[in-house]
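Q: Residue numbers (the numbering used here), protein chains in the order written: chain A, 1 to 161; chain B, 1001 to 1797.
Backbone N, C-alpha and C fix where the C-beta goes; we use that ideal spot for every residue, glycine too.
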Amino acid sequence: MTGPVAIALDINGERVDAHVLPRLNLADFLREHLKLTGTHVGCEHGFCGACTVRVNGDIVRSCLILAVQLHGASVQTIEGLSDSGEIADLQAVFRDRNALQCGYCTPGMLMAAQDLLKQQPEPDRERIREHLSGNYCRCTGYQSIIDAVETTARMRAGHRA
Amino acid sequence: MTITSPNPETLSELDRPNSYIGKVVPRPNLERLMQGRGLYVSDMELPRMGHVVFLRSPYAHARIIAIDASEARRLPGVIAVVTGDDLAAVITPWVGVLSHLKGLKSAPQHALAIERACWQGEAVAAIVANSRAVAEDAAEIVTVEYQELEAVTDMRTALDPQSPVIHASLGDNLAFERNLDAGAVNAAFADSDEVVEADFIFGRHTGATLEPRAVLADWNEAERRMTIYQGTQAPHMVQNIAALHLRLQDSQVRVVCKDVGGSFGIKVHIYADEMATYALSKLLRRPIKFVADRIESFNTDIHARDHRCKGRIGVKHDGTIMAFEIDDLTGIGPYSMYPRTSAIEANQVVNLVGGPYLTKNYRARARVVFQNKNVMCQYRAVGHPIACSVTEGLVDLAAARIGMDPVEIRRRNLIGDDAYPCASPSGLRFELLSHHAALNKLMTMMNYEGLRAEQAQLRNKKIYRGIGIASFIEVTNPSAAFYGVGGARISSQDGVAVRLDAQGSVICHTSITEQGQGSESLTAQVVGSVLGVSMERVRVILGDTDNTPYGGGTWASRGAGIGGEAALQAAKILRKNILEVAAAILQASSGELELVNDTVVNATDGSPRIELNELARIVYFRPDTLPPGIQPELMATRHFVPREYPFAFTNGVQACWLEVDPDTGFIKLLRHWVVEDCGTLINPQLVDEQIRGGVVQGLGAALFEKCIYDERGQLTNANMADYLVPMSGEMPDIDVGHVVSPTAETELGAKGAGEAGTAGAAAAVANAVNDALKPFGAIITEIPLTPEVILTALRRI
Chain A
1 MTGPVAIALD INGERVDAHV LPRLNLADFL REHLKLTGTH VGCEHGFCGA
51 CTVRVNGDIV RSCLILAVQL HGASVQTIEG LSDSGEIADL QAVFRDRNAL
101 QCGYCTPGML MAAQDLLKQQ PEPDRERIRE HLSGNYCRCT GYQSIIDAVE
151 TTARMRAGHR A
Chain B
1001 MTITSPNPET LSELDRPNSY IGKVVPRPNL ERLMQGRGLY VSDMELPRMG
1051 HVVFLRSPYA HARIIAIDAS EARRLPGVIA VVTGDDLAAV ITPWVGVLSH
1101 LKGLKSAPQH ALAIERACWQ GEAVAAIVAN SRAVAEDAAE IVTVEYQELE
1151 AVTDMRTALD PQSPVIHASL GDNLAFERNL DAGAVNAAFA DSDEVVEADF
1201 IFGRHTGATL EPRAVLADWN EAERRMTIYQ GTQAPHMVQN IAALHLRLQD
1251 SQVRVVCKDV GGSFGIKVHI YADEMATYAL SKLLRRPIKF VADRIESFNT
1301 DIHARDHRCK GRIGVKHDGT IMAFEIDDLT GIGPYSMYPR TSAIEANQVV
1351 NLVGGPYLTK NYRARARVVF QNKNVMCQYR AVGHPIACSV TEGLVDLAAA
1401 RIGMDPVEIR RRNLIGDDAY PCASPSGLRF ELLSHHAALN KLMTMMNYEG
1451 LRAEQAQLRN KKIYRGIGIA SFIEVTNPSA AFYGVGGARI SSQDGVAVRL
1501 DAQGSVICHT SITEQGQGSE SLTAQVVGSV LGVSMERVRV ILGDTDNTPY
1551 GGGTWASRGA GIGGEAALQA AKILRKNILE VAAAILQASS GELELVNDTV
1601 VNATDGSPRI ELNELARIVY FRPDTLPPGI QPELMATRHF VPREYPFAFT
1651 NGVQACWLEV DPDTGFIKLL RHWVVEDCGT LINPQLVDEQ IRGGVVQGLG
1701 AALFEKCIYD ERGQLTNANM ADYLVPMSGE MPDIDVGHVV SPTAETELGA
1751 KGAGEAGTAG AAAAVANAVN DALKPFGAII TEIPLTPEVI LTALRRI
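(1) In or out: B/F1621 buried (at least 16 other Cβ within 10 Å) or exposed?
(2) Could you spell out the range, first to last residue, of the alpha helix (DSSP H) harbouring B/Q1697?
(3) So what does DSSP say about B/H1317, is it helix, strand or coil?
(4) Comparing C-alpha positions only, which one of B/F1324, B/F1666, B/L1669 and B/G1096 sits nearest to B/P1356?
(5) Alpha carbon to alpha carbon, how far is B/D1043 from B/L1283? Give it in angstroms, no decimals.
(6) Which residue's Cα is closest to the Cα of A/L21: A/E14, A/R15 and A/F29?
(7) For A/E14, go through chain B and note every residue whose CB falls closer than 9 Å to its CB, in chain order.
(8) Examine chain B for any beta-carbon lying closer than 8 Å to the beta-carbon of A/D96, and answer yes or no.
(9) In this structure, does DSSP put B/G1495 in helix, strand or coil?
(10) Listed in chain order, which residues of the segment 1707 to 1736 of chain B have Cβ atoms closer than 9 Å to some Cβ of chain A?
(11) Taking only three categories from DSSP, how would you classify A/N12?
(12) Just checking: is the beta-carbon of B/P1058 within a distance shorter than 8 Å of some beta-carbon in chain A?
(13) Between which two residues does the alpha helix (DSSP H) harbouring B/K1668 extend?
(14) For the segment 1109 to 1124 of chain B against the segment 1079 to 1095 of chain B, do three or more pairs of beta-carbon atoms, one drawn from each stretch, fall closer than 8 Å, so that the two count as touching?
(15) Taking C-alpha atoms, which residue in B/V1350, B/V1506, B/A1567 and B/R1452 lies nearest to B/D1494?
(16) Find the nearest neighbour of A/Y104 within the set B/H1051, B/L1055 and B/G1036, judged by alpha-carbon distance.
(17) Give a single yes or no on whether B/Q1517 has its beta carbon closer than 7 Å to a heavy atom of the ligand NAD.
(18) In whole angstroms, what is the alpha-carbon distance linking B/E1580 and B/S1519?
(19) In angstroms, rounded to a whole number, what distance separates the CA positions of B/Y1020 and B/E1565?
(20) When burial is assigned at 16 or more other CB atoms within 10 Å of the CB, is A/S82 buried or exposed?
(21) If we ignore side chains and look at the alpha-carbon of each, how far apart do B/S1471 and B/G1752 end up?
(22) Considering Cα atoms alone, identify which of B/L1174, B/L1703 and B/R1073 is closest to B/A1764.
(23) Kindly say whether B/M1535, judged by its beta-carbon, lies nearer than 8 Å to any beta-carbon of chain A.
(24) Taking the straight line between their C-alpha atoms, what separation do you get for B/H1509 and B/E1536?
(25) Quick one: using the 10 Å Cβ neighbour count with 16 as the cut-off for buried, is A/G57 buried or exposed?
(26) Give the straight-line distance between the Cα atoms of B/V1025 and B/C1678, rounded to the nearest whole angstrom.
(27) Which residue marks the beginning of the beta strand (DSSP E) containing B/D1735, and which one marks its end?
(28) Would you kindly report the start and end of the unbroken beta strand (DSSP E) that includes B/S1471?
(29) Excluding sequence positions up to five away, which residues of its chain have a Cβ less than 6 Å from the Cβ of B/V1268?
(30) What residue range does the alpha helix (DSSP H) around B/M1635 cover?
(31) How big is the Cα-Cα spacing for A/V5 and A/L66?
(32) Could you tell me which residues DSSP puts in a beta bridge with B/T1206?
(33) In the DSSP assignment, what residue or residues form a beta bridge with B/Y1338?
(34) Grouping DSSP H, G and I as helix and E and B as strand, with all else coil, what is B/M1720?
(35) Is it the case that the segment 1473 to 1489 of chain B contacts the segment 1769 to 1776 of chain B, given that we only count it when at least three CB pairs across the two stretches are under 8 Å?
(36) Alpha carbon to alpha carbon, how far is B/A1570 from B/G1383? Give it in angstroms, no decimals.
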């Protein structure tokens, strides 16, 4: 089976119908077919975390999943999370804390951070470091990112930053 | 703070009302990046764009006998398969030498290999197709017949008579040698009470930017013009080099640099595959895009720091350091990189060893040799980590030999804070440094005595913790002395144009570039402060050779110090021009007026006179209402280049607190401290984050990162699973403090801060490991400090 396969899925709340080659991975499908270039490609083998997106509520490496596997799935990318306002508070703290430099890891980092914040209301720094340990950032040295996630968690729990 | 403003009674440009200088303000470009709306080269597409994939040599050294691409050319979607000879008709080869590095030699390098491949990963053919996937399919069915040649891999034997000479025309494998002999070294060692020697070994590593190198070249045959979209730190340099080798005028090449996914010196060089991409666009008359994949990044992004350095220090019982001596050897791959050359790192090592200390007795030899490995060149903190690790390692060994505390020996030997200006034995000129103030501040921040007590207590429980200290100096704000004097057309000046628009907002065009450091922010902060305009009204344009002033870009920690000063001077002219127009409108004298909060106000009492919006309206739309003869000029341009000092040196000191598990060899980083002095802090948060990011790159080198080659020159860990980089789980929190000694060469007073973290981190870690292992009598002078290295030193494996 090497010819195009029909898929229908939900991406950021929009229904998408497409014909994709079986070998096409989700990252390339998002970037090249749908022009959702906020999902970045860093290593193409599941290590760096730059391509992290949400599929059916769980974060996945979009370079390690094929588009044909996603028939009927719901996919959310950084564009969707930004437009819906779901992570507006997290992004605001990232800005104030300068928790990004070149910004290439940031969409994946925000995806992973939001995933943790949804799972656990007030994670400590060690837990944050652990949860983000699959997302490579070459610029910041991580501390500002850890600070920003910690601050957001406290704010969401109703404490002052 | 060590010094204050020389004229404290008058306000300087930096402390005007509503100044942004020294304030933490968010960078203007962050929202775009956080929402996934950035524009990196890898995101870009153009009509009729072809994708190029390079077929790369699987051998470290091989003759190319034949290339058969007939089957690949028939694959649907393939546009062209191009070899070195085809491309040589379009682009000329280059030689990476500079005249001020006397004796440096290299061989002509081609965009695609011709006849011979000299490292595993050198491109031997280019496959262009309508998608990258198709180009990769086609690459798999191109057959290349190679004759494998003997490879030179070990730098230690590269100069042996029995080693093959990689480039016969050069006669041998020695690219460059520098010798320095300052003071009276032999006498100083003879007078020393103790002489300590060590061999320092540094693992070859690389920048591992998260966005790989990417370029999109668009030759428009109708316009006879090339537009190059590239993630580069130096757009005007790329413009010049591309034009030169495509036989074009600079004016026929435009380089556009949008968002860049990390650079750190990786993206400041000219790579053969990027040159090939420009040439392919010209050959095929259409846009061609190249994005390296991760394996290509490891095999072709410049590597760095492959050094072996013998070091020697002489010391008196009272702690006086009598002399330093080094013999450094480094292997740079088969070619010196272009146009900055691969001799700069070794040259920097010679320059920087012993730099923080008083002794004038210093002898050095550095040799740079060719080998059949990937090219090596300047990566963040060029030479600094080597020089710092050797110097600080030797100082600690000397302290241990005479039984002195590592902090105490530094106190007795660091150049005094009142000794400036002065010069190092290697001729570096220091305007104003603050080693002692920095060390004192560090002691307080880390509670040195408290940690020593904790260390002693834990040692009784067989918990082995160590403290490592590393003082350093850092090269920033380079003048033409770095590259220009050697003949490279790499600008050391930068320019900023500032313009007041018709609604009273400000547009700045600057020749420095942004890769996340905060170039855009610092420019807006400086311009906003000088003009009295809120930052929201200031827009900064960078990275476009058609639209910004000519300049060097962002590298070697020059953006804030040089580009920032140009912004300050341009804004001062614009302010003067604005106030002159305001005076004409208000029938006042410009000396009575001032600009504050987007408004022209009375200088005496601050009462508002005319909003900038209204002033701009009059100037642009109702100039007929201005007094006769007034020709307003609401745009100003200024350039700046340092002329007094070749480099603005900064200084600092780092400390590391870690724990070594003697059973597993694992190191746990517990805390890291940095005190540095980059002069005026334009945005303290951005400086701190530069330091932290730099430290973590240095920690990666100290603990994990190494390009592992086998004896045949095969890179065995060219992927991110096997080449370990620092991740959030292993990294410590890093405390950053500052001493502020502004440079008097500029009004802004800013020096660079980009290298400081990387410069001293590995030295601090290595010293801390040796401190932790003191009870075992083990001394390690090799990085990365992997568990294997630790356990070997402990004789447990």
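A: Reading it off the structure:
(1) exposed
(2) P1684 to L1703
(3) Under the three-state reduction of DSSP, B/H1317 is assigned to coil, being neither helix nor strand.
(4) B/F1324
(5) 24 Å
(6) A/F29
(7) Residues of chain B with a Cβ closer than 9 Å to the Cβ of A/E14 do not exist, since the nearest Cβ in that chain sits about 16 Å away.
(8) yes
(9) strand
(10) Hits within the stretch, in order: N1719, M1720, A1721, V1725, P1726, M1727, S1728, G1729, E1730, M1731, P1732, D1733 and I1734.
(11) coil
(12) no
(13) That residue, B/K1668, is in no alpha helix (DSSP H); its beta strand (DSSP E) goes I1667 to D1677.
(14) In the pairwise beta carbon analysis, the segment 1109 to 1124 of chain B is classified as touching the segment 1079 to 1095 of chain B: at least three pairs are separated by under 8 Å.
(15) Per the Cα distances, B/A1567.
(16) B/G1036
(17) As for the ligand NAD, it is missing from this structure, which has no ligand bound.
(18) 30 Å
(19) 15 Å
(20) buried
(21) Taking the straight line joining both Cα atoms gives about 17 Å.
(22) For the residues B/L1174, B/L1703 and B/R1073, the minimum Cα distance to B/A1764 belongs to B/L1703.
(23) no
(24) 16 Å
(25) exposed
(26) 19 Å
(27) I1734 to H1738
(28) Y1464 to T1476
(29) Q1233, A1234 and W1555
(30) Unbroken run through B/M1635 is the beta strand (DSSP E), M1635 to F1640; no alpha helix (DSSP H).
(31) If you draw a straight line from the Cα of A/V5 to the Cα of A/L66, it comes to about 12 Å.
(32) B/H1303
(33) B/I1270
(34) coil
(35) no
(36) Cα to Cα, the separation comes out at about 34 Å.
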